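Participant: Residue numbers (our numbering), protein chains in the order written: chain A, 1 to 531; chain B, 1 to 332. Got a structure for you, written out below as structure tokens; questions coming shortly.
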């Protein structure tokens, strides 16, 4: 009998059909990935396996059997016994998925005690055991820590430990590595792999990242608009996709080993120059340098990529380049003269298009802000200019009076770009402009930036943690670690023959699209170390 | 908790400064009050000479800074008062002497404060149990009939003045049903049982109104925490609904409750005038209202300082409770 049997599953919320007639099976000990872009219904399927939609008003039809339990018709008590004990779920956001008020060990012990009638003491011991198993150093002591005292990677390990606590037959992992840095992501995926080999549990992995799926599973189910597009062994689906959508999806995935397509820009004169910049935060003993002695130049018409993991100082550097932050030491020069404070010629596109637009104002007004700040008072001219910008970034002029929540993530990022363009800048610093977007949308936004660059001769600084995206867009690359420049040079040189060990380590952690290559790389990485 | 000593020290210093500023403001405001204090103190039938004598005796003709200086002197080194025939010494800390009765302010506070504290702390227990309980229940039963009834009741509670609730309670419980005698304050030290019985109705009427606010606050905070990701985690792990609501959601909802409670306790020490008046409880609030009416400056200043002290204290306690409830909070 299969571990999971889903037949003709549909889930509806109000008038929306999130999942539409989906069927799949998962054998004992096997691994399946649900791959799709946001809104494809993949997380809804994961929730339906545990009956999490019960009592929320969602309409669920079809049949769902997990570890011998008919999830749709089980009593609340039967469902409660399934959850955690037979099938355990690892959630996407390790920051918010643990209770901030209780010690990590106590939370795992609580879950363990719900399903086994053991003493508090035994449950605590079990919590320490599983925390140790997932690679938390000094587990007995760290079990008493609260979630905020853990790093992102450690929190994700703790969530996996909670899932392991009752020895489930099925592990459901909903985007388990999306919030993590690439090296930590590799460690977590390796950990899931080892645990599966050890315990023989089945894995249902939900992800938007085809690379993550290739690294981890036997079968792949590609989803779109709640339906199955393609379903089969990972090797064949990813190597020789039968469906057009799957091919599209795979083509949109940026490759870290592919050279930049399109002609390298004819780099002009230096427009922006940082010399020995340093920025400190905090006071007294807590004082630390987020950016330390960084020197780089940006030329007209070229793209400088800045990569690094979280905490490497790349955002701080970007804000200094724009003039939002003053350097503690060193200087920034724009067009040969010292650059202090903000300058309309150097603009910024922010990471989060949701929170960087005022939700209570129409987007046209937001785009018009730089114009008004620049002294423009003629409403007619402002409106003309803004509608022109909207059309330039691929939106409709009728969008002027709409509000940010009416747009998709990719459209919002286009609005952010239009706002940056309004001031007629010569340099745009983009801070993680595509990291919140799906791969296909990501490709469109990247293409738009490239077009604008060629057309307007813009210099771009492209800050991102995703090595493949940076390679796709950059002429030159700066690799940052702990506030310092580790490696800095032409993109192809840095990616093809990295000089520094850290750069090599970063590149090795990028998930491979080919399952066989992924397996070889995993063997080379060895047993995961703690983060 | 190495920072705890520092926290207390900073808080104590802050309290002293706050109280100092409050006392200055009260002095200035009352100095500027129109009306002849000596005339009011002496009474309507006093002759001009008598009024003049009273004014001299109470140093009412001294300039503002001198009178405040005497007040500070009394506070730190004690003060002598002439009663016309003899001299009475008031040891430090001396808050002065009532213009009206000639009693020392500290003595007045000592008799009034236990009454107010009895009322407020007892009512606090009632409003916390009732309010938080109702709030949790209505968040848990959201959308059902029982929740709608509870919401309606708490809304009605917020909208009803204390003297209406208090009067109704008295008429029904003491008058019609004769379950309790009409309340009359009994000292806790004299007879604890009678103390509690007599305070039962004041507690209830003060607490019912406050409880409504707590119920609404708790409900809102609970609904917010119930929508958080970590609640979903525990549900997905088969943890029972009672533990999810009682342990995880309630804990997250406590912070605003603690803050509101600190405010209410602090201000109710001097602000429960209506309840005190209605039930004839000789507390701080009643005394303060009377003292303001007759411009009895030393009593007003003393009472205001006591009230200020309790507001500051309640907030410091709330900060400590915050840090206990949520380890991410750093006391500073």
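No residue lacks a Cβ here, since even glycine has one placed at the ideal position from N, Cα and C. Because the structure is a prediction, the values reported are computed rather than measured.
Could you tell me which residues DSSP puts in a beta bridge with residue 65 of chain A?
Facilitator: Answer is A:5 and A:70, bridged to residue 65 of chain A.
Participant: Measuring straight from C-alpha to C-alpha, what distance separates residue 445 of chain A and residue 376 of chain A?
Facilitator: Whole-angstrom Cα-Cα distance: 29 Å.
Participant: Who are the neighbours of residue 85 of chain A on chain B, taking C-beta pairs under 9 Å?
Facilitator: Correct list: 237 and 238.
Participant: Taking 8 Å as the CB-CB limit, is residue 11 of chain A close to chain C?
Facilitator: Chain labels in this structure do not include chain C; the protein chains are A and B.
Participant: For residue 450 of chain A, does the three-state DSSP call read helix, strand or coil?
Facilitator: DSSP places residue 450 of chain A in helix when its eight states are reduced to three.
Participant: Taking C-beta pairs closer than 9 Å, name the residues in chain A that residue 135 of chain B reaches, listed in chain order.
Facilitator: Here the premise fails: no neighbours, minimum Cβ distance about 18 Å.
Participant: From residue 529 of chain A to residue 523 of chain A, what does the alpha carbon distance come to, in whole angstroms?
Facilitator: In this prediction, residue 529 of chain A has a pLDDT of 46, which is less than 50 and means its spatial position is unreliable; what the coordinates show is noted afterwards. Residue 529 of chain A and residue 523 of chain A: Cα-Cα distance of roughly 14 Å.
Participant: Within the same chain, show all residues whose beta-carbon is closer than 8 Å to that of residue 515 of chain A, passing over the 5 residues directly before and after it, in chain order.
Facilitator: Closer than 8 Å at Cβ, skipping near neighbours: 214, 215, 234, 235 and 238.
Participant: Compute the distance between the beta-carbons of residue 299 of chain A and residue 270 of chain A, then report whether it is under 8 Å.
Facilitator: Yes.
Participant: Applying the criterion that 16 or more other CB atoms from any shown protein chain within 10 Å of the CB defines a buried residue, is residue 281 of chain A buried or exposed?
Facilitator: Exposed: under 16 other Cβ atoms inside 10 Å.
Participant: Please go through the region 104-149 of chain A and give each complete alpha helix (DSSP H) segment of 4 or more residues, from N-terminal end onward.
Facilitator: Qualifying alpha helix (DSSP H) stretches, in chain order: 104-115, 120-133 and 139-142.
Participant: Measuring only between beta-carbons, confirm whether residue 223 of chain A sits less than 8 Å from chain B.
Facilitator: Output row for residue 223 of chain A: interface = no.
Participant: So what does residue 202 of chain A bridge to, in DSSP terms?
Facilitator: For residue 202 of chain A, which the question treats as bridged, DSSP gives the partners A:170.
Participant: If the cut is a Cβ gap below 7 Å, which residues of chain A does residue 252 of chain B touch?
Facilitator: Here the neighbours are 101.
Participant: Determine the DSSP secondary structure at residue 13 of chain A, reduced to helix, strand or coil.
Facilitator: Three-state result, residue 13 of chain A: strand.
Participant: Looking at chain B, is there any beta carbon in it that lies within less than 8 Å of the beta carbon of residue 114 of chain A?
Facilitator: Closer than 8 Å to some Cβ of chain B, the Cβ of residue 114 of chain A qualifies, so yes.
Participant: Restricting to Cα atoms, I'd like to know which of B:26, B:246, B:258 and B:161 is closest to residue 272 of chain B.
Facilitator: Of B:26, B:246, B:258 and B:161, the residue nearest in Cα terms is B:161.
Participant: What residues in the region 199-232 of chain B have a beta carbon less than 9 Å from any beta carbon of chain A?
Facilitator: Per Cβ criterion, the list reads 228, 229, 230, 231 and 232.
Participant: Where do the N-terminal and C-terminal ends of the alpha helix (DSSP H) with residue 490 of chain A fall, by residue?
Facilitator: Here residue 490 of chain A belongs to no alpha helix (DSSP H); instead the beta strand (DSSP E) covers 484-490.
Participant: Would you please state the rounded distance, in angstroms, between the beta carbons of residue 9 of chain A and residue 62 of chain A? I believe it to be under 8 Å.
Facilitator: With a Cβ gap of about 4 Å, residue 9 of chain A and residue 62 of chain A count as contacting.
Participant: Quick one: which unbroken alpha helix (DSSP H) runs of 4-plus residues sit fully inside the region 57-116 of chain B? Chain order, please.
Facilitator: As far as the region 57-116 of chain B is concerned, its whole alpha helix (DSSP H) runs of at least 4 residues are 64-77.
Participant: Am I right that residue 370 of chain A and residue 328 of chain B are in contact with their C-beta atoms under 8 Å? What's the rounded C-beta distance?
Facilitator: Not confirmed; about 38 Å, so no contact.
Participant: How would you label residue 432 of chain A, buried or exposed, when you count the other beta carbons within 10 angstroms and need 16 or more for buried?
Facilitator: The residue in question, residue 432 of chain A, is buried, as its Cβ has 16 or more Cβ neighbours within 10 Å.
Participant: Apply the 10 Å Cβ neighbour rule to residue 320 of chain A and answer buried if 16 or more other Cβ atoms are within range, or exposed otherwise.
Facilitator: Classification of residue 320 of chain A: buried, given that the 10 Å Cβ count is 16 or more.
Participant: For residue 326 of chain B, which residues in chain A fall below 8 Å Cβ to Cβ?
Facilitator: 100 and 101, listed in chain order.
Participant: Looking at the ligand MN, does it come within less than 7 Å of residue 228 of chain A, judged from the CB to the closest heavy atom?
Facilitator: No copy of the ligand MN occurs in the structure displayed, which carries no ligand at all.
Participant: Assuming the contact rule is C-beta atoms closer than 8 Å, residue 172 of chain A and residue 131 of chain A should be a hit. Round their C-beta distance to whole Å, please.
Facilitator: 20 Å between Cβ atoms; not a contact.
Participant: Can you list, in chain order, the residues of its chain whose CB lies under 6 Å from that of residue 81 of chain B, leaving out five sequence neighbours each side?
Facilitator: Answer for residue 81 of chain B: 88 and 97, listed in chain order.
Participant: Is it buried or exposed for residue 425 of chain A, if we count other Cβ within 10 angstroms and need 16 for buried?
Facilitator: Buried: at least 16 other Cβ atoms inside 10 Å.
Participant: How would you list, in chain order, the residues of chain A whose beta-carbon sits under 7 Å from the beta-carbon of residue 248 of chain B?
Facilitator: Ordered by position in chain A, the residues that pass the 7 Å Cβ test against residue 248 of chain B are 99.
Participant: So, for residue 64 of chain A: in the same chain, excluding its five sequence neighbours on each side, which residues have a beta-carbon less than 7 Å away from its beta-carbon?
Facilitator: If we look at residue 64 of chain A and ignore the five residues flanking it on each side, its Cβ neighbours are 6, 9, 48, 49, 71 and 72.
Participant: Does residue 187 of chain A come out as helix, strand or coil in the three-state DSSP assignment?
Facilitator: In the structure shown, residue 187 of chain A sits in a helix (DSSP, three-state: H, G or I).
Participant: To the nearest angstrom, how far is it from the Cα of residue 183 of chain B to the Cα of residue 289 of chain B?
Facilitator: Each residue's alpha carbon lies about 21 Å from the other.
Participant: Check this for me: beta carbons of residue 96 of chain A and residue 276 of chain B, under 8 Å apart or not?
Facilitator: No. Outside cutoff.
Participant: Helix, strand or coil for residue 434 of chain A per DSSP?
Facilitator: Of the three classes helix, strand and coil, the one that applies to residue 434 of chain A here is coil, per DSSP.
Participant: Can you give me the C-alpha to C-alpha distance between residue 542 of chain A and residue 246 of chain B, rounded to a whole angstrom?
Facilitator: Residue 542 of chain A lies beyond the range of chain A shown here (1 to 531); nothing can be said about it.
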